[in-house]
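Please read the structure below before turning to the comments.
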Amino acid sequence: MSDQAKQPHQPGDPRGTYHSGPFPKQEQKQPGLTSPMDPQPDHGELSYEGSGALEGKAALITGGDSGIGKAVAIAFAREGADVAISYLPEEEADAQDTAEWIRKAGRRALLLAGDGRNEDFSTAIVQDAVAEFGRLDVVVLNAAYQKNRDSLESLPTEEFDRVFKTNLYSLLWTARAAVPHLKAGASIITTASIQAFNPSPGLIDYAMTKAAQVAFTKALAQELGPEGIRVNAVAPGPIWTPLIPATEWPDKLPKFGQDTPLQRAGQPAELAPAYVLLASNAGSYISGAVVPVTGGKGL
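This is the structure:
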């Protein structure tokens with residue numbers, strides 16, 4: 003992380019704030035972990051400063067162990083929220099590190115290990131969060147899975163099923179369980195993607211789920227708006243998270259993110275403020291929106 007990134011109050015050239023050169027070729031097995039990544043991603047550990055925007059609130063973040071979810075968890079905690087995160091058991095090391103940052107911020111952390119493709123688990127995490135915190139104010143539906151495909155013919159049904167169960171079924175199950183616990187002023191945020199609007203051929207199944215998430219977000223915003231509950235999406239562009247080396251496209255990594263107008267990939271820390279805005283009173287008139295954080299690439 004550059005000196006500029008450590009000084010959030012100093013205006014800086016966004017092209018040079020973070021790693022802008024080629025990423026080394028690297029590959030991980032799914033679901034991908036933080037520790038083997040080169041360079042290490044920035045989740046705002048040393049840079050994010052809270053201002054009490056979520057004081058006293060409780061949040062649940064699916065896929066909150068690493069990447070965007072981790073950055074959002076750290077930001078929410080520093081804004082005053084207690085945070086529950088769900089994650090796969092293989093991601094325990096990342097989850098423990100995230101929990102440590104939440105606790106360092108003086109907030110409670112709840113770790114929920116399991117597979118979101120299981121309906122019982124995706125529902126139970128809501129009940130567990132409410133039982134632990136006594137309330138639920140913000141739900142971030144962030145868990146995702148993607149894998150590079152050579153062609154449509156190379157997409158086996160098992161993989162198609164895994165992508166849809168992880169990215170859509172779990173999202174719906176968790177949201178459905180959460181809504182009865184949400185009161186006026188609560189917020190649901192989905193992590194969509196630029197892929198919903200500009201899909202890559204090798205991510206056809208992933209892009210399909212992200213487009214569906216956008217429709218889900220807009221429809222649910224209309225349903226819950228009269229109850230004072232806002233629903234929005236953040237659409238990331240190329241962001242350096244464990245999902246990227248685990249996508250199985252090592253040959254694409256040297257140019258990853260360099261086709262954006264800012265000529266670099268984004269870091270998870272650069273997404274967190276968008277989630278804070280949508281979760282807080284500062285975003286009180288924002289609902290049914292898709293907020294692009296793409297380095298300038300259009301949706």
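To get our numbering, take the position in the sequence shown, counting from 1, and add 2. C-beta: ideal position from N, C-alpha, C; glycine also. Note that the coordinates shown come from a computational prediction; the quantities given were computed from them, not determined experimentally.
Heavy atom of the ligand FMN within 6 Å of residue i beta-carbon
i	result
residue 232	In terms of ligand content, the structure shown is empty, and the ligand FMN therefore cannot be addressed.
Residue span of the alpha helix (DSSP H) that contains residue i, given as start and end
i	result
residue 163	159 to 166
residue 100	94 to 106
residue 265	Neither: residue 265 is in no alpha helix (DSSP H) and is coded neither H nor E.
residue 109	Segment: none, residue 109 is in no alpha helix (DSSP H) and carries neither H nor E.
residue 209	206 to 226
residue 70	69 to 80
Residues of its chain near residue i, where Cβ-Cβ distance is below 7 Å and the 5 sequence neighbours each way are ignored
i	result
residue 75	63, 66, 85, 87, 100 and 104
residue 271	44, 45, 46, 49, 50 and 73
residue 117	90 and 123
residue 167	119
residue 201	209
residue 34	244, 245, 247 and 248
residue 312	Not covered by the structure: residue 312. The range shown for the chain is 3 to 301.
Contacts around residue i, its chain only, beta-carbon distance under 6 Å, and the 5 residues preceding and following it disregarded
i	result
residue 52	80 and 81
residue 109	79 and 84
residue 297	239, 262, 264 and 268
residue 32	248
residue 132	138 and 183
residue 276	236, 293 and 295
residue 231	184 and 188
residue 125	175 and 179
residue 113	97 and 101
Residue environment, residue i, which counts as buried when at least 16 other CB atoms sit within 10 Å
i	result
residue 158	exposed
residue 151	buried
residue 24	exposed
residue 136	exposed
residue 283	exposed
residue 17	exposed
residue 61	buried
residue 5	For residue 5, the predicted model reports a pLDDT of 49, less than 50, meaning its position is unreliable; a value from the coordinates is still stated below. Residue 5 comes out exposed.
residue 244	buried
residue 153	exposed
residue 169	buried
residue 221	exposed
residue 144	buried
residue 217	exposed
residue 204	buried
residue 97	buried
residue 59	buried
residue 212	buried
residue 148	buried
residue 186	exposed
residue 259	buried
residue 102	exposed
residue 93	buried
residue 156	exposed
residue 95	exposed
residue 215	buried
residue 197	buried
Own chain, CB closer than 8 Å to residue i, minus 5 neighbours either side, in chain order
i	result
residue 234	189, 190, 191, 192, 219, 223, 280, 285, 288, 289, 290, 291, 292 and 293
residue 27	252, 253, 255 and 256
residue 273	70, 73, 74, 236, 238, 241 and 295
residue 162	207
residue 42	36
Short CB-CB distance (under 7 Å) between residue i and chain D
i	result
residue 93	Considering every chain present, this structure includes no chain D. It has just one protein chain.
Residue span of the beta strand (DSSP E) that contains residue i, given as start and end
i	result
residue 89	84 to 89
residue 233	232 to 238
residue 172	No beta strand (DSSP E) holds residue 172; the alpha helix (DSSP H) holding it covers 172 to 180.
residue 192	189 to 193
residue 143	140 to 143
Per-residue DSSP class, three states only, for residue i
i	result
residue 296	coil
residue 124	helix
residue 114	strand
residue 5	Here residue 5 scores only 49 on pLDDT, less than 50, and its place in the model should not be relied on; the value that follows carries that caveat. Residue 5: helix per DSSP, three-state reduction.
residue 63	strand
residue 273	coil
residue 288	coil
residue 246	coil
residue 22	coil
>> Is it the case that the region 34 to 42 contacts the region 251 to 267, given that we only count it when at least three CB pairs across the two stretches are under 8 Å?
In response: In this structure the region 251 to 267 does not lie against the region 34 to 42, because fewer than three pairs of beta carbons, one per stretch, are closer than 8 Å.
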